[in-house]
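Colleague:
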């Protein structure tokens, strides 16, 4: 295996690597299964977890394709984002993430070394999150038929009996908390593309939030709902929750945690940080009397060190989100129309 | 919803449809969730099946990306193949397929009507197979960054207590059975691409094999292992099983079920039907004394009407597959080297 890995260092993926024969097996063994699944196995993973067999437990199942451009950026790469994104989709629904699948669509000519870096960063994030990547697939398409590599991860987790986070449970009086600064991922990708000649060294916030969500649910057992604020940013999350729960949400501009570099970039480019994508930032809705406990639990963890209340659920028009501005006025925070940044994740 | 569906008929996908805002929600509601998940739901599916909670039951988890070119072909499309492929990956491992995820990477400019056809064919196949598509994702990439649409499906199934199909259990004396003619999918795709000026009207064999596998396991409870013969064809399956089990396999050229059109195409183009891809064809290994029961069970179903014994497991060099030819000779059937047909699935 080591010899082959060495041999592959300068190689590029060819169509033969997708053909189902020896070349494909070499690629899969040299790059993928050596990192994910050390032992020979059936095509399908066969698994069980005691928590899934508890009466009242439910299985959570989620999927996302990742097409982020560039595939490597400050603070992460497409592999890290794929693992974190799926872990977070499970986590914000109250599930403990258990197992991930990973499917790769690879453009002919892609460097094998790039694939290896992506795979290693997936393994690292999976280890951190306490999940295993248990099954996978690779396909190769001709030059110009994909852009380097696309990754699709699916995740299976377990929701403990009695746990039922959902936007429909959000009530007037609830408090909206975020775990950290907003917009770092969107800003980092924008800077990494280089077409803006931005020199800011902003890192993506890309991180898994499984442990943080478990801590929140423990500290604030009445937690209503949580959402990771990816494409469409915090504004889209707030709009979706307000609509589903049939409530209004009011946020405070002065309360929004923003890195000064991100704020500056948004001012120069006319972007609104509320719509910038995040990959390690969630909004959690908790009853008012559990807000302090939730905040304390979040701030005790690296992923939540800058946790803060950004707003409240109020009586009002269903689906309406408003922001009280710096100057004491109020403006409507609508859902994103059109597209802000293509291929952000 | 109906009005929007009408409005979308002549539309094409734009980058805004991937941006996380209103356009994306319209596309998802108009095309995807209206077919898959009629009700509003959380991003993650929350599920349970009594069979999963039986002591000794195991969960099966599998994934595949599909990049077949062209996306529509005689006998199927990329959606049908995605559902069948994942159902079959679960089925050949002995699992009863339960739930599927579906993630779409869509090229800007793709017709919404094409997406709708793909989604409808996914729904149809899922219904036939008795599985539900419970969660999904869409991403849009710019023109020339993908080829129309790529689909990644993952599947979760349940393996009944005591069921343990695996290649390692194959023994000398076992019989290898296929459920139908070989190579139809590969031949259909080749013809559909049009670059060979082949007029043959060959349909892909694309079909779900979940019900067939359940019938085989019922009729032949000693069944050792099964594999769907996709990329790399039957030859790759036989090689993999022979290697894993540490046995030799001997097949009979005269026993191989082939449609005359496929045979003819292979002769003209110098292709070997043993390496042609199938999307609804499996090889099942059963103990000799259960072969008749397995055959009878398969032939009683439309998916297995042409089921036949193609070979036997024999004592010999581990991993060696040989074919006794028409003329009484023998040749080695090696694993595919290089690539036969790119983007076959």
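Chains as they are written, first to last, in the working numbering: chain X, 1 to 345; chain C, 1001 to 1345.
For glycine and all other residues, C-beta sits at the position ideal for the given N, C-alpha and C.
No experiment lies behind these values; they were computed from the predicted model shown.
#1: Could you list which residues in chain C have their beta carbon closer than 7 Å to that of residue 80 of chain X, in chain order?
#2: Using the beta-carbon count (16 or more within 10 Å), is residue 1250 of chain C buried or exposed?
#3: Run down chain C in chain order and give the residues with a C-beta less than 8 Å from the C-beta of residue 322 of chain X.
#4: In the region 56-67 of chain X, which residues sit with their C-beta less than 8 Å from some C-beta in chain C, listed in chain order?
#5: Is residue 361 of chain X helix, strand or coil by DSSP?
#6: Please list the partners that residue 134 of chain X has in chain C, where partner means a Cβ-to-Cβ separation under 7 Å.
#7: Quick one: which residues of the region 7-28 of chain X get their C-beta closer than 7 Å to a C-beta of chain C? List them in chain order.
#8: Considering residue 1096 of chain C, what are the terminal residues of the alpha helix (DSSP H) in which it resides?
#9: Applying the 10 Å Cβ sphere with the 16-neighbour rule, what's the burial state of residue 1218 of chain C?
#10: For the putative contact between residue 1177 of chain C and residue 1294 of chain C, defined by C-beta atoms under 8 Å, what is the C-beta separation to the nearest angstrom?
#11: The alpha helix (DSSP H) with residue 1192 of chain C in it runs from where to where?
#12: Give every residue of the same chain whose Cβ lies closer than 8 Å to the Cβ of residue 1054 of chain C, excluding the five residues on either side of it in the sequence, and list them in chain order.
#13: Pick out the complete beta strand (DSSP E) segments inside the region 1231-1263 of chain C, 3 residues or longer, and give them in chain order.
#14: Residues in its own chain within less than 8 Å of residue 129 of chain X by CB, not counting five upstream and five downstream?
#15: Locate the beta strand (DSSP E) running through residue 159 of chain X, then write down its first and last residues.
#16: Have a look at residue 3 of chain X and residue 32 of chain X and give me their C-alpha separation to the nearest angstrom.
#17: At a Cβ threshold of 8 Å, is residue 70 of chain X touching chain C?
#18: If you measure from the beta carbon of residue 32 of chain X to each beta carbon in chain C, is any gap under 8 Å?
#19: Establish whether the CB of residue 1204 of chain C and some CB of chain X are separated by less than 8 Å.
#20: Chain X partners of residue 1336 of chain C, CB-CB under 8 Å?
#21: So, does the region 1243-1263 of chain C touch the region 1114-1132 of chain C, judging by three or more C-beta pairs under 8 Å?
#22: Give the secondary structure of residue 327 of chain X by DSSP, where H, G and I count as helix, E and B as strand, and everything else as coil.
#23: Whose Cβ in chain X lies nearer than 8 Å to the Cβ of residue 1144 of chain C?
#24: Name the residue from C:1223, C:1324, C:1171, C:1281 whose alpha carbon lies nearest to the alpha carbon of residue 1356 of chain C.
#25: Given residue 332 of chain X, which residues of its chain have a CB within under 6 Å of its CB, disregarding the five upstream and five downstream residues?
#26: Take the Cβ of residue 89 of chain X as the centre, count every other Cβ of all protein chains shown within 10 Å, and call the residue buried at 16 or more, exposed below.
#27: If distances are taken between C-alpha atoms only, which option among X:319, X:325, X:220, X:259 comes closest to residue 289 of chain X?
#28: I'd like to know whether the C-beta atoms of residue 346 of chain X and residue 148 of chain X end up nearer to each other than 8 Å.
Modeller: Short version:
#1: Those do not exist, as residue 80 of chain X stays about 17 Å from chain C at its closest Cβ, beyond 7 Å.
#2: buried
#3: What residue 322 of chain X touches in chain C: nothing, since even the nearest Cβ is about 18 Å away.
#4: 57, 58, 59, 60, 61, 62, 63, 64, 65, 66, 67
#5: For residue 361 of chain X there is no data in the structure shown, the boundaries of chain X being 1 and 345.
#6: 1061
#7: 15, 16, 18, 19, 20, 21, 22, 23
#8: Here residue 1096 of chain C belongs to no alpha helix (DSSP H); instead the beta strand (DSSP E) covers 1095-1107.
#9: exposed
#10: 6 Å
#11: 1184-1193
#12: 1160, 1161
#13: 1248-1252
#14: 83, 84, 87, 97, 208, 210, 211
#15: 149-159
#16: Residue confidence is low: residue 3 of chain X scores 37 on pLDDT, short of 50, so the model does not pin down where it sits. Its coordinate-derived value is still stated next. Near 15 Å, if we compare the C-alpha coordinates of residue 32 of chain X and residue 3 of chain X.
#17: no
#18: no
#19: no
#20: 19, 20, 21, 22
#21: no
#22: coil
#23: 144
#24: Nothing in the structure corresponds to residue 1356 of chain C, since chain C is present only between 1001 and 1345.
#25: 322
#26: buried
#27: X:220
#28: The requested residue 346 of chain X is not part of the displayed model; chain X covers only 1 to 345.
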